[in-house]
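Peer 1:
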Amino acid sequence: MALLRRLFRIVDLFWSLVASYLPLPFSLGPPIRPQYFSSRELEHRARITGALSRYLTDDLPVLEDSIPDDELPDFLLVHDPHGVTDWVAPDGDGADWAIPYYRVKNPLRGLDATAPEVIPKDARTAHLYVHPKNLLGQGHHAWVYRAPLSLGSDAQPSVVAAKLGSENCTAMRMLANEAAMYSLFPREFMQDSPAGPAVVPKFYGYYLPIPIHPNLHRTMLFHTKLCANSEEDCGIWSPSPILLVEECGRALGKDECKSMTPEHQQQCVEMLGRFHAAGIFHQSVYGRNILIQPGPLDVPPEKRSDDTPSFRMIDFGRTVAVDFSRIANGKVIFHNWSHREQEALQEVWRTGGDDERHGPKADHARKCLKAIRERHLQECLAIDKFLLKNELVQY
1 MALLRRLFRI VDLFWSLVAS YLPLPFSLGP PIRPQYFSSR ELEHRARITG ALSRYLTDDL
61 PVLEDSIPDD ELPDFLLVHD PHGVTDWVAP DGDGADWAIP YYRVKNPLRG LDATAPEVIP
121 KDARTAHLYV HPKNLLGQGH HAWVYRAPLS LGSDAQPSVV AAKLGSENCT AMRMLANEAA
181 MYSLFPREFM QDSPAGPAVV PKFYGYYLPI PIHPNLHRTM LFHTKLCANS EEDCGIWSPS
241 PILLVEECGR ALGKDECKSM TPEHQQQCVE MLGRFHAAGI FHQSVYGRNI LIQPGPLDVP
301 PEKRSDDTPS FRMIDFGRTV AVDFSRIANG KVIFHNWSHR EQEALQEVWR TGGDDERHGP
361 KADHARKCLK AIRERHLQEC LAIDKFLLKN ELVQY
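Residue numbers are given in my numbering: position 142 of the sequence shown equals residue 142, and the series is strictly consecutive.
(1) Considering only their Cβ atoms, is the gap separating P132 from L56 smaller than 9 Å?
(2) For G165, list the residues DSSP reports as bridge partners.
(3) What number of angstroms, rounded off, separates the C-alpha of G273 from the C-alpha of D122?
(4) Between the region 240-254 and the region 283-293, do three or more beta carbon pairs fall short of 8 Å?
(5) Output yes or no for whether 9 Å exceeds the beta carbon distance between A344 and G279.
(6) Around the C-beta of D192, are 16 or more other C-beta atoms found within 10 angstroms, so that it is buried, or is it exposed?
(7) Using three-state DSSP, classify G152 as helix, strand or coil.
(8) Are the CB atoms of L77 and H127 within a distance shorter than 9 Å?
(9) What separation, rounded to the nearest whole angstrom, lies between the Cα atoms of S158 and S238?
(10) Give the DSSP bridge partners of I99, in chain order.
(11) When you compare only the Cα positions, how much space is there between R129 and D80?
(12) Under the assumption that L297 contacts F311 (Cβ atoms under 8 Å), give the Cβ distance between them as a whole number of angstroms.
(13) Please confirm whether E246 and V62 have their CB atoms less than 9 Å apart.
(14) For Q138, count neighbouring C-beta atoms within 10 Å of its own C-beta (all shown protein chains included) and say buried if the count is 16 or more, exposed if not.
(15) Would you identify the three-state DSSP class for M313, choosing helix, strand or coil?
(16) Counting only the same chain and skipping the five closest in sequence on each side, list residues whose C-beta sits under 6 Å from that of S183.
(17) So N177 and G317 are supposed to be a Cβ contact under 8 Å. How far apart are they, rounded?
(18) Are the beta-carbon atoms belonging to T85 and P209 less than 9 Å from one another?
(19) How about F334 and H276: do their beta carbons lie closer than 9 Å?
(20) V320 bridges to which residues according to DSSP?
(21) Determine the direct distance from the alpha carbon of L175 to that of P100, and round the result to whole angstroms.
(22) Applying the 10 Å Cβ sphere with the 16-neighbour rule, what's the burial state of V348?
(23) What alpha helix (DSSP H) runs, 4 residues minimum, are completely inside the region 240-267?
(24) Mark T170 as exposed unless 16 or more other C-beta atoms lie within 10 angstroms of its C-beta, in which case mark it buried.
(25) Could you tell me how far apart the beta carbons of L243 and A179 are, in whole angstroms, since I believe they sit closer than 8 Å?
(26) How long is the line joining the alpha carbons of L392 and S53, rounded to whole angstroms?
(27) Apart from the five residues just before and just after T308, which ones in its own chain have a Cβ nearer than 7 Å to its Cβ?
(28) Would you decide whether G152 is buried or exposed? Buried here means 16 or more other CB atoms lie within 10 Å of its CB.
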């Protein structure tokens, strides 16, 4: 046996020398051993692979349908294995967990006094799949993700834009204000009409997490209402609220703003003018808050072209609505304010649209948001005369 083993070693050495000098058409390396998995391991791998496929968005259609408020999901199961919502699974593994959310049915009135504790069996429930790799954009106070949304157990998922706030009072208030604005916008703002093309994405609801702790909802109420008068921003622990809207393309880049054709500039001027005609002022007119996508939108997606683009405004965290008919010198104030925003839009074309000096003052924005919350945006808002005289017009 010893002699036989020695002979095998000599043969192995010989083949090693040959392989180092001659290009052989076959491999002399060790045989590849098949990898075996137990049935439990195979089931686990298949489950993980199937679970990951639910987060892919490339082959899914974008949700463009208008959904009436009374047909929106009342509850949302948010699948978030990587903690995009700032939620951590109790066992550290979120792959099999879904965070229950409920829809705020009237964002104009703010948060409800109480939140539901469970999801009723017959409730309209949708599934949302958020993943960090699907990040669309990031701002000072929020992140936006492309996310598959399944509106029913048998429905094909479609893609929406999910906006989440960062962990502080300002972000929470701005997201709530944006939801209130979407609820206030006329329906013709969200779809083509005789008044003109759509100017904002379609709104698919504002959702808050169902409290997983008795004090969570009370904490949310405290931070969004009582902290509004504070000069300092403070942190808040909670899975982020979620704003769902139509995914409407990409934000304008700086170079794109500077090279915008006069025709397309005029489209944006008219779009901003429709807001002003409704008594709505954006207060954050930058190129990054204007979306562009192939158009026109009244034809099927495959027939749309970049040569005939469609534009939308987004990011309404600082936006206010004002009933100027109820304000002394309302016409003068309206003219000054609308002229200032149109000037800001012209600055977008000149500079690329990201010069913070042309945005609203932080203190001015905070006072406007405070006025909005106090009046709950019912009908339209009459901003305080002193605020208008001393803050609103004098930028």
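Glycine included, C-beta positions come from ideal geometry on N, C-alpha and C.
Peer 2: The answer reads as follows:
(1) The sequence position of residue 56 within the sequence shown is 56, counting from 1. The sequence position of residue 132 within the sequence shown is 132, counting from 1. It is not a contact, given that the beta carbons lie outside the stated cut-off.
(2) Within the sequence shown, residue 165 is the residue found at index 165, counting from 1. Note: G165 sits in a beta bridge opposite A142.
(3) Numbered from 1 along the sequence shown, position 273 holds the residue referred to as residue 273. Numbered from 1 along the sequence shown, position 122 holds the residue referred to as residue 122. Near 44 Å, if we compare the C-alpha coordinates of D122 and G273.
(4) yes
(5) Taking the first residue of the sequence shown as 1, we reach residue 344 at position 344. Taking the first residue of the sequence shown as 1, we reach residue 279 at position 279. Contact flag unset, no.
(6) What you label residue 192 is simply residue 192 of the sequence shown in a count that begins at 1. D192 should be labelled exposed.
(7) Walking along the sequence shown from the start, residue 152 turns up at place 152. The answer is coil: DSSP assigns G152 none of H, G, I, E or B.
(8) Position 127 of the sequence shown holds residue 127. Position 77 of the sequence shown holds residue 77. Yes, the pair counts as a contact, with Cβ atoms nearer than the cut-off.
(9) Against the sequence shown, residue 158 aligns to sequence position 158. Against the sequence shown, residue 238 aligns to sequence position 238. Going from the Cα of S158 to the Cα of S238 covers about 27 Å.
(10) The residue labelled residue 99 in the question sits at position 99 within the sequence shown. In the DSSP output, where bridge partners are listed per residue, I99 has V78.
(11) Translated into positions along the sequence shown, residue 129 becomes position 129. Translated into positions along the sequence shown, residue 80 becomes position 80. Going by the sequence as given, residue 129 is Tyr instead of Arg. Looking at the two C-alpha atoms, the distance is approximately 6 Å.
(12) Counting from one through the sequence shown, the residue named residue 297 turns up at place 297. Counting from one through the sequence shown, the residue named residue 311 turns up at place 311. The Cβ separation is near 10 Å, so there is no contact.
(13) By 1-based counting over the sequence shown, the position of residue 246 is 246. By 1-based counting over the sequence shown, the position of residue 62 is 62. Yes, these two residues count as a Cβ contact at 9 Å.
(14) Along the sequence shown, read from residue 1 onward, the residue named residue 138 stands at position 138. Per the 10 Å Cβ criterion, exposed.
(15) Within the sequence shown, the letter at position 313 stands for residue 313. Strand, per DSSP.
(16) As a first step, residue 183 must be located in the sequence shown, where it is residue number 183. These residues qualify, in order along the chain: P107, L108.
(17) Stepping through the sequence shown from its first residue, residue 177 is reached at position 177. Stepping through the sequence shown from its first residue, residue 317 is reached at position 317. That belief holds up - the Cβ atoms of N177 and G317 are roughly 6 Å apart, short of 8 Å.
(18) As a first step, residue 85 is located in the sequence shown; it is residue number 85 there, counting from the start. As a first step, residue 209 is located in the sequence shown; it is residue number 209 there, counting from the start. Contact flag set, yes.
(19) For the purposes of this step, residue 334 is taken as the residue at position 334 of the sequence shown. For the purposes of this step, residue 276 is taken as the residue at position 276 of the sequence shown. Result yes, Cβ atoms of F334 and H276 sit closer than 9 Å.
(20) On the sequence shown, residue 320 is found 320 positions in, with the first residue counted as 1. Its beta-bridge partners are F281.
(21) Residue mapping note: residue 100 aligns to position 100 of the sequence shown, counting from 1. Residue mapping note: residue 175 aligns to position 175 of the sequence shown, counting from 1. About 19 Å.
(22) Your numbering for residue 348 matches position 348 in the sequence shown. Buried, because 16 or more other Cβ atoms sit within 10 Å of the Cβ of V348.
(23) 254-258
(24) The residue given as residue 170 occupies position 170 in the sequence shown. With 16 or more other Cβ atoms within 10 Å, it is buried.
(25) On the sequence shown, residue 243 is found 243 positions in, with the first residue counted as 1. On the sequence shown, residue 179 is found 179 positions in, with the first residue counted as 1. Sure, about 6 Å apart at Cβ, within 8 Å.
(26) For this step, residue 392 is matched to residue 392 along the sequence shown. For this step, residue 53 is matched to residue 53 along the sequence shown. Legend: pLDDT at L392 = 37, less than 50; position of this residue unreliable, no value from coordinates given.
(27) By 1-based counting over the sequence shown, the position of residue 308 is 308. G295, P296, listed in sequence order.
(28) For the purposes of this step, residue 152 is taken as the residue at position 152 of the sequence shown. By the neighbour-count rule (16 or more Cβ atoms within 10 Å), G152 is not buried but exposed.
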